[in-house]
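K.L.:
For the sequence shown, the positions run 4 to 271 when this note's numbering is used.
Quick reminder that beta carbons are idealized off the backbone N, C-alpha and C, glycines included.
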Amino acid sequence: MDYKLPELPKRDENSNKGTFGKILNISGSEYMSGAAYLSSVSALKVGAGYVELASEERILNAVATLAPEVVLASIDKISEISATVLLIGCGLSTSKKAKDIFNMVIPSEIPTVIDADGLNILSQTNLKLNKNVILTPHPKEASRLLGCTLEEILNNMEKSAKKISEKFNCITVLKSHRTIITDGEKIYYNTTGNSALAKAGSGDVLAGMISGLLAQKMNSFDAAVLGVYLHGLAGDIAKNDLTAYGVLASDTIRYIPYAIKFYLCKNI
Numbered sequence: 004m005d006y007k008l009p010e011l012p013k014r015d016e017n018s019n020k021g022t023f024g025k026i027l028n029i030s031g032s033e034y035m036s037g038a039a040y041l042s043s044v045s046a047l048k049v050g051a052g053y054v055e056l057a058s059e060e061r062i063l064n065a066v067a068t069l070a071p072e073v074v075l076a077s078i079d080k081i082s083e084i085s086a087t088v089l090l091i092g093c094g095l096s097t098s099k100k101a102k103d104i105f106n107m108v109i110p111s112e113i114p115t116v117i118d119a120d121g122l123n124i125l126s127q128t129n130l131k132l133n134k135n136v137i138l139t140p141h142p143k144e145a146s147r148l149l150g151c152t153l154e155e156i157l158n159n160m161e162k163s164a165k166k167i168s169e170k171f172n173c174i175t176v177l178k179s180h181r182t183i184i185t186d187g188e189k190i191y192y193n194t195t196g197n198s199a200l201a202k203a204g205s206g207d208v209l210a211g212m213i214s215g216l217l218a219q220k221m222n223s224f225d226a227a228v229l230g231v232y233l234h235g236l237a238g239d240i241a242k243n244d245l246t247a248y249g250v251l252a253s254d255t256i257r258y259i260p261y262a263i264k265f266y267l268c269k270n271i
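And the structure:
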């Protein structure tokens, strides 16, 4: 079916940070402070009003140094935090504590993005989610979610993406050089991006961007599509300046505003 790329969320001048949503980001672990930073800042960079990162103290200290805009919370205080969007899994680990936290907050009633270790934990459950949940697996994570081989995923990416959506009753973003977004019925093939994005941390940036669009009240399918598109576009613009060799995930974040500006001009 035909699918037109969505418009960016409107920015009302009569607004405050609450207008553009509050994200609870449960990310990071002892050796993964970068994932917590990248996913938090990319959500803000795409327009979210407020990101509260719940993680271990060492992670919070590291992120505080790099990004004073991110609000910090102890991982043990999650039950006391209110939010309009949940992001979980970036660098979270699959420790017993991480699994306990995951099982406490999932399934969630608010729009949710599950990435990375959140997907690995999910693959060990039989949870049914709902259509406001977005899963963002790469092919190996997809194989765990479906209990099949990596080769089976790679041999039919479209079928695999649809099977994940059907199994978990959710939206799937199956990442590759041509990322597929589907809810099991609608399907979109992304056209932006390049090998510059084949770097550690890129998935964390993407998860944050999708969450940031969700926080601005986009519907889940459109947020997933536009997040993937803008992430790839930021990578394309960064490549032009830095080459495909030299782009880091943190560089991609710096280019998000340029991707948004290009997209706005393209759609005038």
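Among the residues of its own chain, which have a CB less than 7 angstroms from the CB of Thr87, if the five just before and after it don't count?
P.N.:
As a position in the sequence shown, residue 87 is number 84, starting the count at 1. So the qualifying residues of the chain are Gly24, Lys25, Ile113 and Ala218.
K.L.:
Have a look at Ile91, Lys80 and Tyr40 and flag the residue whose alpha-carbon is nearest the alpha-carbon of Ala67.
P.N.:
Position 64 of the sequence shown, counting from 1, holds the residue named residue 67. Out of Ile91, Lys80 and Tyr40, Tyr40 has the C-alpha closest to the C-alpha of Ala67.
K.L.:
Just how far apart, CA to CA, sit Tyr266 and Val250?
P.N.:
Within the sequence shown, the letter at position 263 stands for residue 266. Within the sequence shown, the letter at position 247 stands for residue 250. Each residue's Cα considered, the two are about 21 angstroms apart.
K.L.:
Can you give, in chain order, each stretch of the beta strand (DSSP E) that sits fully within the region 180-224 and has at least 3 residues?
P.N.:
As far as the region 180-224 is concerned, its whole beta strand (DSSP E) runs of at least 3 residues are 183-185 and 190-192.
K.L.:
Let me make sure I understand the geometry here. Which of Cys268, Ser30 and Val231 has the alpha-carbon closest to that of Arg61?
P.N.:
Taking the first residue of the sequence shown as position 1, residue 61 is located at position 58. Residue Ser30 is the option with its Cα nearest to Arg61.
K.L.:
Contact check, Lys220 vs Pro12 under 8 angstroms by CB: the rounded distance?
P.N.:
In the sequence shown, residue 220 corresponds to position 217, counting from 1. In the sequence shown, residue 12 corresponds to position 9, counting from 1. The pair is a contact, with the Cβ atoms about 7 angstroms apart (cut-off 8 angstroms).
K.L.:
Counting only the same chain and skipping the five closest in sequence on each side, list residues whose C-beta sits under 7 angstroms from that of Arg198.
P.N.:
Indexing the sequence shown from 1 puts residue 198 at position 195. Contrary to the premise, residue 198 reads as Ser rather than Arg in this sequence. Taken in chain order, the residues that qualify are Ala247.
K.L.:
Below 9 angstroms between beta carbons: does that hold for Gly150 and Ala119?
P.N.:
In the sequence shown, counting from the first residue as 1, residue 150 sits at position 147. In the sequence shown, counting from the first residue as 1, residue 119 sits at position 116. Cβ distance not < 9 angstroms, so Gly150 and Ala119 don't count as in contact.
K.L.:
Beta-carbon separation of Ala237 and Ile256 under 9 angstroms?
P.N.:
Position 234 of the sequence shown, counting from 1, holds the residue named residue 237. Position 253 of the sequence shown, counting from 1, holds the residue named residue 256. Their beta carbons are under 9 angstroms apart, which means Ala237 touches Ile256 by this criterion.
K.L.:
Considering only their Cβ atoms, is the gap separating Ile109 from Leu125 smaller than 9 angstroms?
P.N.:
Residue mapping note: residue 125 aligns to position 122 of the sequence shown, counting from 1. Residue mapping note: residue 109 aligns to position 106 of the sequence shown, counting from 1. Cβ distance < 9 angstroms, so Leu125 and Ile109 count as in contact.
K.L.:
Kindly give me the distance between the Cβ atoms of Asn270 and Tyr232, rounded to whole angstroms, as I take these residues to be in contact under 8 angstroms.
P.N.:
Locating residue 270 in the sequence shown gives position 267, counting from the first residue. Locating residue 232 in the sequence shown gives position 229, counting from the first residue. Their Cβ separation, rounded to whole angstroms, is 12 angstroms, which puts Asn270 and Tyr232 out of contact at 8 angstroms.
K.L.:
Go to Thr115, then tell me how far its alpha helix (DSSP H) extends in each direction, as first and last residue.
P.N.:
Sequence index remark: in the sequence shown, residue 115 carries index 112 (1-based). First-last for Thr115: Thr115 to Ile117, but that is the beta strand (DSSP E), not the alpha helix (DSSP H).
K.L.:
Check for me: the beta strand (DSSP E) holding Leu89 runs from which residue to which?
P.N.:
Stepping through the sequence shown from its first residue, residue 89 is reached at position 86. First-last of the beta strand (DSSP E) with Leu89: Val88 to Ile91.
K.L.:
How far does the beta strand (DSSP E) with Lys25 in it reach, from first residue to last?
P.N.:
Indexing the sequence shown from 1 puts residue 25 at position 22. Run containing Lys25: Lys25 to Ile29, per the beta strand (DSSP E) assignment.
K.L.:
Rounded to the nearest angstrom, what separates Ser146 and Gln127 at their Cα positions?
P.N.:
On the sequence shown, residue 146 is found 143 positions in, with the first residue counted as 1. On the sequence shown, residue 127 is found 124 positions in, with the first residue counted as 1. When rounded, the distance between both Cα atoms is 12 angstroms.
K.L.:
At which residue ranges does the region 131-188 contain complete alpha helix (DSSP H) runs of 4 or more residues, listed in the order of the chain?
P.N.:
142-149, 153-158 and 160-171, all fully within the region 131-188.
K.L.:
Of the residues Glu155, Asp207 and Val228, which one's Cα is nearest the Cα of Ile190?
P.N.:
Looking up residue 190 in the sequence shown gives position 187. Here the closest residue by C-alpha is Val228.
K.L.:
Cα-Cα, which of Ser168, Glu161 and Asn172 is closest to Ser179?
P.N.:
Residue numbering aside, residue 179 sits at position 176 when the sequence shown is read from its first letter. Per the Cα distances, Glu161.
K.L.:
Leaving out the 5 sequence neighbours to the left and right, which residues in its chain are closer than 7 angstroms to Phe105 when beta-carbon positions are compared?
P.N.:
Counting from one through the sequence shown, the residue named residue 105 turns up at place 102. Answer for Phe105: Ile91, Gly121 and Ile124, listed in chain order.
K.L.:
Which of the three DSSP states, helix, strand or coil, is assigned to Leu75?
P.N.:
Reading the sequence shown from its first residue, position 72 is the one you call residue 75. If DSSP states are grouped into helix, strand and coil, Leu75 belongs with the strands.
K.L.:
Are Thr185 and Ala164 close, meaning C-beta to C-beta below 9 angstroms?
P.N.:
As a working note, residue 185 is residue 182 in the sequence shown. As a working note, residue 164 is residue 161 in the sequence shown. For Thr185 and Ala164, yes; Cβs fall inside 9 angstroms.
K.L.:
Is it true that the CB of Lys134 sits closer than 9 angstroms to the CB of Cys173?
P.N.:
Here residue 173 corresponds to residue number 170 of the sequence shown, with the count starting at 1. Here residue 134 corresponds to residue number 131 of the sequence shown, with the count starting at 1. Their beta carbons are under 9 angstroms apart, which means Cys173 touches Lys134 by this criterion.
K.L.:
Buried or exposed: which applies to Ser82, given that a residue is buried once 16 or more other Cβ atoms fall within 10 Å of its Cβ?
P.N.:
The residue labelled residue 82 in the question sits at position 79 within the sequence shown. By the 10 Å Cβ count, Ser82 comes out exposed.
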